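Single-structure report; data block below.
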Amino acid sequence: MKTKVLLVGGKSKAKSLAVSLLGRGYQVTAINDSHEECLKLAGINKLNVFEGDGTKPFILEDANASDYKIAIALTSKDEDNLVICELCKKRFHVHKTVALVSDPRKTDFFYAMGIDSVVCAISAVTNIIEQQAFMEQMANVIPIGKGRVQIAEIPISSTAPAAGKKLWEINLPKEVIIGCILHGDQIGIPCGDTKILAGDVLVLISGNGQELAAVKELTGRE
Amino acid sequence: MKKYLFKVHGTYNIIIGCGRLGANLANTLSDEGFDVLIIDRDKDAFRKLSPSFGGLTLNADGTDYDVLQEAGIQQANAVIIVTNNDNTNIMLAQIAREIFKVERVIARLYDPERDCIYREFGIDTICPAILSAKEIDKLLGQAAAHIREEAV
């Protein structure tokens with residue numbers, strides 16, 4: 001049976017998420033309290049749409065919320081998302097609840113209230129902007145474990161201090177490892193004797209904000 | 001950030017939301033000699049307070065942690081949450097209870113159906129619809145008794 005996902009609220013986010021989830025083979029239902037948004041959502045093939053305020057228990061009941069495995073609250077108000085997720089969890093026993101928050105400081109509070117996954121759009125976006133602005137050479141950074149661990153993609157240019165060196169010759173911070181080296185089409189898992197060549201792309205795993213020091217060591221950039 | 005200072009002996013209450021209920025309650029508590037601070041993000045809302053109101057007003061968004069800290073929520077004996085939005089009230093009640101560990105939290109909720117959320121948190125709730133229904137029922141009962149008396 002297909003995994004059923006419930007999306008509550010949200011405008012463009014709900015739309016693009018619905019399209020993406022449907023594409024992956026999930027069964028998706030969207031609840032929205034705006035008639036206009038519902039009409040737009042209804043244009044998406046295979047998407048079930050429900051018009052109503054998702055913070056009201058009877059609307060969730062009409063939508064058979066207890067049949068769903070995942071509920072995602074995407075409204076613009078933190079309090080609405082909290083109530084949606086708590087209702088889904090406590091009353092309809094939805095397996096996993098995900099809430100969007102706009103105030104970054106409420107993230108821990110939401111976790112404490114029993115929500116399984118809390119996504120803070122503002123801190124995610126500011127993190128990305130920071131990385132883009134201060135590390136031109138870092139193409140892609142993925143934060144995991146609430147941002148304590150970072151996975152970054154680092155291209156090595158010919159002028160980089162690490163180019164031509166073996167791994168054991170590089171003095172990386174303790175909490176950083178090079179997980180993978182991409183050399184053209186080849187993918188290699190490095191050992192101490194592996195040589196880094198110009199043009200390689202390194203996949204770096206780092207903890208506790210050590211990535212900047214590591215990037216400096218590898219590429220010479222600050 | 002400035003901290004408000006309060007008399008040590010008094011009971012300190014914070015009211016969030018200066019609507020008809022919030023303002024009325026603030027006036028009453030202030031008249032009874034309690035220390036009261038009332039928060040509302042709309043400055044004009046404070047016009048509902050009576051001229052004799054002796055408490056403090058704070059014009060800010062009560063869902064902001066900084067505002068709650070500035071209001072001295074940790075020293076409050078009771079926090080009464082009466083904004084016009086149920087979801088805001090639920091969230092604020094949970095923040096007051098779980099983050100700031102306020103002993104007495106009272107929230108007004110229009111819709112009693114969401115009770116499964118706040119039941120386990122030890123938050124006292126007031127539902128105007130249920131209270132009104134009980135009161136009307138009581139009045140009807142009195143009227144009916146009156147008619148019966150006259151008939152006898």
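If you read the sequences in order, they're chains A and B. Count the first sequence with the UniProt record's numbering and you get residues 1 to 222, in order. Count the second sequence with the UniProt record's numbering and you get residues 1 to 152, in order. Ideal Cβ positions, reconstructed from N, Cα and C, are used throughout, including at glycine. All of these numbers come straight from a predicted model, not from anything done at the bench.
Check	Outcome
Cβ of Glu70(B) within 8 Å of any chain D Cβ	Of the chains in the structure shown, none is chain D; the protein chains are A and B.
Entirely enclosed alpha helix (DSSP H) segments - the UniProt domain "RCK N-terminal" (2-119) of chain A, minimum 4 residues	12-23, 35-42, 57-62, 78-90, 107-112
Spatial neighbours of Ala152(A) in its chain, beta-carbon cut-off 6 Å, leaving aside the 5 residues before and after	Met138, Val141, Leu204, Glu211
Alpha-carbon spacing of Phe110(A) relative to Ala99(A), whole angstroms	8 Å
Nearest residue (CA-CA) to Leu21(B), options Leu140(B), Cys127(B), Lys134(B)	Cys127(B)
Helix, strand or coil at Pro190(A) [DSSP, three-state]	coil
Run of the alpha helix (DSSP H) containing Asp137(B), from where it starts to where it stops	128-151
Residue-level contact to chain A via CB, Ala143(B), 8 Å cutoff	no
Contacts of Thr55(A) in chain B (Cβ-Cβ under 7 Å)	Asn87
Own chain partners of Ser50(B) with C-beta closer than 6 Å, once the 5 adjacent residues on each side are dropped	Asn27
8 Å Cβ cutoff, Leu87(A) in contact with chain B	yes
Best match in Leu182(A), Ile177(A), Lys216(A), Ile31(A) for proximity to Asn64(A) [C-alpha to C-alpha]	Ile31(A)
Closer than 8 Å to chain B by CB, Asp62(A)	no
is_contact[Asp78(A), chain B] using C-beta, thresh 8 Å	yes
Bridge partner(s) assigned by DSSP for Cys180(A)	Val203(A)
Closer than 9 Å at the beta carbon, the chain A residues around Arg114(B)	Thr55, Lys56, Pro57, Val83, Glu86, Leu87, Arg91
Given 8 Å, three or more beta-carbon pairs between the stretch 85-100 of chain B and the stretch 70-87 of chain A	yes
Chain A within 8 Å of Phe6(B), Cβ atoms only	In this prediction, Phe6(B) has a pLDDT of 49, which is less than 50 and means its spatial position is unreliable; what the coordinates show is noted afterwards. False, the Cβ-Cβ gap to chain A never drops below 8 Å.
With 16 other Cβ atoms within 10 Å as the buried cut-off, status of Ile156(A)	buried
Cα-Cα separation, Leu25(B) to Ile81(B)	11 Å
Neighbouring residues, chain B, relative to Ala112(A) (Cβ below 7 Å)	Glu98
Minimum Cβ-Cβ distance from Arg105(A) to chain B less than 8 Å	yes
Members of the stretch 108-133 of chain A near chain B, C-beta cut-off 7 Å	Phe109, Ala112, Met113
Neighbour-count burial assignment, Gly17(B), 16 or more Cβ in a 10 Å radius	buried
Straight-line gap, Glu217(A) to Tyr65(B) (C-alpha atoms, nearest Å)	40 Å
Cβ neighbour criterion (16 or more within 10 Å) applied to Ala71(B)	buried
Residue 164(B) burial status per 10 Å Cβ neighbour count (16 or more: buried)	Only positions 1 to 152 of chain B appear in the structure, and residue 164(B) is not among them; the question remains open.
8 Å Cβ cutoff, Tyr110(B) in contact with chain A	no
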